[in-house]
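Peer 1:
Residue numbers (our numbering), protein chains in the order written: chain A, 6 to 383; chain B, 6 to 383.
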């Protein structure tokens, strides 16, 4: 039991896991292929990772990098690293080796965890990463250990499942650093503090009607704004995380069916691949699938195809600098009876703030003056 | 547009109204009998009240008391008063005249608004309330103006519908003061700050699955912990407030039907009156009714009767000192298939923290040691 002040408690997304492990200890928290972890087990694995990091001298203010697709270790890192006052650097696995090493160096990463498919991106020559003190191999596709360090389970085994005290004394402490894609120069590190991560995680949940029995499929990379903060939001609600190593429509449809997926986030390209998947023809979802999409505007045709199958699309927009999506097409009851085509056109727009975003202006980039809106969407 | 800092925005529940007025300007925000206010109108009325208060010299640090049942002015006060940096004192209308005047004096109320059914509770003799500078009559049951001041509409008319700047520079500024019932002595004023009100409002919404098209019936007094912060939470979600002057089962059932009510909060006694209402026999709700109840534990029989009609009961517990309910019976999927009687027994218990409550211990009052729990409910 952490020490609490009477009128104040720090907002930290790590606390969501502590609460869900207490309330739903035997509920399935994480699914990955045949692996299944209950909330109690999820929390224990996080405590093992956190205490193993502490025993390697990682703590307050340090940075821990993960180069890993959407597998359970990546999710566990989102709790274990911020929990000990350190910052998680989730590296985009699509970057070049040069960019990855730039990020490892620039962030002063003290520990680096790499999935064995992506370990080649890390410059493992002796002395190449002088600041790195621990290397860990996440052996997911094979037993191969390309980096000079233990496997992830062996590393966890050096820790303890005893609850680790959340070592965060300031809600503005940095919880994660997300590097931009570097399209306009070298990647820049965006610092997410505990308060912002907490609030945005809840903010996303409010926009997509996530509830305690929702099941979330990890089609969106966790290295994108920490999975738009769903890494924490899903846990807050006591939902189930369904991990997904590779985004392929056949596997997505299989998991929707077998795991009872109710929510996913994805770029419009993923929706295109789903809509065009041969097995999707005439497909009807057993459970309404809430899809949050962002990036490019989804085409009305894709929206219509997906909604005919039983999905509900919510179009949002955001950027790394603001913790992920923050503007949305907020649905209105008077649109319910429009033809599907008309609805799809409205859904392809967005431009009003999230509930927890409070205010937003859309400005003309030339004049920097607010663009007149119809009060609902741009 | 208020001035914003790049990495920080004050958490204030007043901002929920600004956002919903922007996103849902033409949606019905408030219903009271034949009165209907859209979000745009609700916000305009709030701005009128706020600017009228400012013009009477009420501002930062001042207190404004309302002695009023659940009618629109009471709801408007929850935004207009905190918006100008003042604190709202929602007085329990069931208290004695002596207690009411004690609260008006003790809180240093600078303005007092009283519904004409309850104005007799205010000591209106000249000089009796030397700190009060403005008295306003809320003429709801009649045109009578018992207090030496204008009617509520006349008072609003002295203000402007132009957006009033939210004058809150610190999220720990007091937004409301809620006096306890005084069962253990004189009533004590519990101060709710903007941050706490904001977080608890969202916290309540997460526990009762409130979404944008939900319709909330005001069976719970707004003077109880600011209506368990639903005064702000319903607005945050863009839902509809259905005001209710007097709690009577016939009227409750009528409004459930005519307004499509989806949510209400109530003490178990209200549920008893609903369950025993002759018109409730064989009644089937058209829309699932989410009921949050707290105070005494509801009897399994009452829960069963209400759920047979189509309600879903969530049992919570809290107190004035913590912004309302904070512990809950968090439902688990494995209980779904239990006989209704068994379910009702589980629902009558509670004892795990809300999502936004983070931690909670239940202690034996004699030993102050945590009581062992089954991990879910006490």
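Heads up, the beta-carbon is just placed ideally off N, CA and C, and yes, glycines get one too.
#1: For residue 172 of chain B, which residues in chain A fall below 9 Å Cβ to Cβ?
#2: Quick check on DSSP: helix, strand or coil for residue 230 of chain B?
#3: Who are the near neighbours of residue 335 of chain A in its chain, counting only those whose CB is closer than 6 Å to its CB and skipping five residues on each side?
#4: Let me know if residue 237 of chain B comes out buried or exposed under the rule of 16 or more other beta-carbons within 10 Å of its beta-carbon.
#5: Of the residues that make up the region 187-200 of chain A, which ones have a beta carbon closer than 7 Å to any beta carbon in chain B?
#6: Taking contact to mean at least 3 C-beta pairs separated by less than 8 Å, is the region 248-261 of chain A in contact with the region 76-91 of chain A?
#7: Since residue 298 of chain A sits in a beta bridge, which residues does DSSP pair it with?
#8: Is residue 216 of chain B near residue 196 of chain B, with beta carbons less than 7 Å apart?
#9: Could you name the residues of chain B that residue 214 of chain A contacts, counting a contact when the two beta carbons are closer than 9 Å?
#10: With a Cβ-Cβ cutoff of 7 Å, do residue 322 of chain B and residue 301 of chain B count as a contact?
#11: Hey, how far is the Cα of residue 180 of chain B from the Cα of residue 82 of chain B?
#12: Mind pulling the chain B residues with CB within less than 9 Å of residue 336 of chain A?
#13: Mark residue 223 of chain B as exposed unless 16 or more other C-beta atoms lie within 10 angstroms of its C-beta, in which case mark it buried.
#14: Excluding five sequence neighbours on each side, which residues of the same chain lie with their C-beta closer than 8 Å to the C-beta of residue 273 of chain A?
#15: Grab the span of the beta strand (DSSP E) containing residue 330 of chain A for me, first residue to last.
#16: Residue 78 of chain B versus chain A: which residues are under 7 Å apart at the beta carbon?
#17: Give the residues from the region 31-60 of chain B that approach chain A closer than 9 Å (Cβ to any Cβ), ordered along the chain.
#18: Should residue 166 of chain B and residue 292 of chain B be called a contact, given that it needs their Cβ atoms to be closer than 7 Å?
#19: Between residue 278 of chain A and residue 256 of chain A, what straight-line distance do the alpha-carbon atoms span, to the nearest angstrom?
#20: For chain B, find out if any of its Cβ atoms is closer than 7 Å to the Cβ of residue 257 of chain A; answer yes or no.
#21: Which class does residue 357 of chain A belong to by DSSP, given the choice of helix, strand or coil?
#22: Expressed to the nearest angstrom, what Euclidean distance is found between the alpha-carbon atoms of residue 266 of chain B and residue 264 of chain A?
#23: Determine, using beta carbons only, whether residue 24 of chain B comes closer than 7 Å to chain A.
#24: Can you tell me where the beta strand (DSSP E) holding residue 108 of chain B begins and where it ends?
#25: What does a CB cutoff of less than 6 Å around residue 254 of chain A pick up in its chain, not counting 5 residues either side in sequence?
#26: Could you list the residues in the region 226-244 of chain A with a C-beta less than 9 Å from some C-beta on chain B, going in chain order?
#27: What are the boundary residues of the alpha helix (DSSP H) that includes residue 59 of chain B?
#28: For residue 126 of chain A, count neighbouring Cβ atoms within 10 angstroms of its own Cβ and tell me buried if that reaches 16, exposed if not.
#29: Whose C-alpha, out of B:100, B:111, B:187, B:65, is nearest the C-alpha of residue 90 of chain B?
#30: Can you tell me whether residue 39 of chain A is buried or exposed, with buried defined as 16 or more other CB within 10 angstroms of its CB?
#31: Within 10 angstroms of its Cβ, does residue 374 of chain B collect 16 or more other Cβ (buried), or is it exposed?
#32: Roughly how many whole angstroms lie between the Cα atoms of residue 41 of chain A and residue 347 of chain A?
#33: Using three-state DSSP, classify residue 214 of chain B as helix, strand or coil.
#34: Quick check on the burial criterion: 16 or more other C-beta atoms within 10 angstroms. Buried or exposed for residue 132 of chain B?
#35: Counting only Cβ-Cβ distances shorter than 9 Å, please list the residues of the region 360-372 of chain B near chain A, keeping chain order.
#36: Sort A:218, A:211, A:369, A:233 by Cα distance to residue 360 of chain A and report the nearest one.
Peer 2: In brief:
#1: When 9 Å is used as the limit between beta carbons, residue 172 of chain B is near no residue of chain A, the shortest such separation being about 16 Å.
#2: The answer is helix: DSSP assigns residue 230 of chain B an H, G or I state.
#3: The beta carbon of residue 335 of chain A sits closer than 6 Å to those of 357, all from its chain and outside the five residues before and after it, given in chain order.
#4: Here residue 237 of chain B is buried: its Cβ has 16 or more other Cβ atoms, across all protein chains shown, within 10 Å.
#5: Within the region 187-200 of chain A, no residue qualifies.
#6: With the cut-off at 8 Å, the region 248-261 of chain A and the region 76-91 of chain A touch.
#7: Beta-bridge pairing links residue 298 of chain A to A:271, A:320.
#8: Judged by their CB atoms, residue 216 of chain B and residue 196 of chain B are not nearer to each other than the 7 Å cut-off.
#9: Ordered by position in chain B, the residues that pass the 9 Å Cβ test against residue 214 of chain A are 214, 216, 217.
#10: Judged by their CB atoms, residue 322 of chain B and residue 301 of chain B are not nearer to each other than the 7 Å cut-off.
#11: For residue 180 of chain B and residue 82 of chain B, the distance between alpha carbons rounds to 11 Å.
#12: Per Cβ cutoff of 9 Å: 217, 218.
#13: Buried is the call here.
#14: Around residue 273 of chain A: 298, 300, 301, 302, 303, 304, 307.
#15: Start and end: 329-333.
#16: Within chain A, no residue comes near residue 78 of chain B; the closest Cβ sits about 25 Å away, beyond 7 Å.
#17: The residues in question are 31, 32, 45.
#18: With contacts defined by Cβ atoms closer than 7 Å, residue 166 of chain B and residue 292 of chain B do not form a contacting pair.
#19: Those two C-alpha atoms are separated by around 12 Å.
#20: With 7 Å as the cut-off, residue 257 of chain A does not count as an interface residue toward chain B.
#21: Strand at residue 357 of chain A.
#22: So the two alpha carbons sit approximately 33 Å from each other.
#23: At least one chain A Cβ lies under 7 Å of residue 24 of chain B.
#24: From DSSP, residue 108 of chain B is part of no beta strand (DSSP E) but of the alpha helix (DSSP H) over 102-111.
#25: Within the same chain, residue 254 of chain A has close Cβ partners 278, 279, 282.
#26: Listed by position along the chain: 241, 242, 243.
#27: Start and end: 44-60.
#28: Its Cβ being crowded by 16 or more others within 10 Å, residue 126 of chain A is buried.
#29: Scanning B:100, B:111, B:187, B:65 for the CA closest to the CA of residue 90 of chain B turns up B:65.
#30: Exposure of residue 39 of chain A is indicated by the presence of fewer than 16 other C-beta atoms within 10 angstroms of its C-beta.
#31: Counting of Cβ neighbours within 10 angstroms places residue 374 of chain B among the exposed residues, the total staying below 16.
#32: Taking the straight line joining both Cα atoms gives about 42 Å.
#33: If DSSP states are grouped into helix, strand and coil, residue 214 of chain B belongs with coil.
#34: Exposed, because fewer than 16 other Cβ atoms sit within 10 Å of the Cβ of residue 132 of chain B.
#35: Only 360, 361, 362, 363, 364, 365, 366 from the region 360-372 of chain B bring a Cβ to less than 9 Å from some Cβ of chain A.
#36: Measuring from the Cα of residue 360 of chain A, the nearest candidate turns out to be A:211.
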